[in-house]
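Student:
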Amino acid sequence: MNHLFHYLALVLILTTGLVLLLTFRFHPLGRPLTIAGLSLAYFTWGIAHHHLSRTLHRRVVLEYLSLSILGAIIIATLL
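Take 177 as the starting number for the sequence shown in my numbering and just add one per residue.
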């Protein structure tokens, strides 16, 4: 049940990011800031999730860091 709240928080973060991307899709500064904020929020969520689950290791941090950077690059390129 504890993980349910973690994943609901992730869904909320990603949904908010999608709404903000749609809102600022033509704004020259809003779109990159939204992408950076979404990437940072995903990274922070991953670290917090693994910290609370007591499975946080250096490899996990590097994985979330690389995925958040790669995701930001892909989203920025596609938009």
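Beta carbons: idealized from backbone N, C-alpha and C, even for Gly.
(1) If you count every other CB in all the chains shown that lies within 10 Å of the CB of Tyr183, and 16 or more means buried, which is it?
(2) Can you have a look at Thr210 and say buried or exposed, based on whether 16 or more other CB atoms are within 10 angstroms of its CB?
(3) By the 10 Å Cβ neighbour count, where 16 or more other Cβ atoms means buried, how is Phe219 classified, buried or exposed?
(4) Tell me whether the beta-carbon of Ser215 lies closer than 8 Å to the beta-carbon of Ile189.
(5) Verify whether the separation of the beta carbon atoms of Trp221 and Leu186 is less than 8 Å.
Tutor: Checking against the coordinates, here is how it stands:
(1) exposed
(2) buried
(3) buried
(4) no
(5) yes
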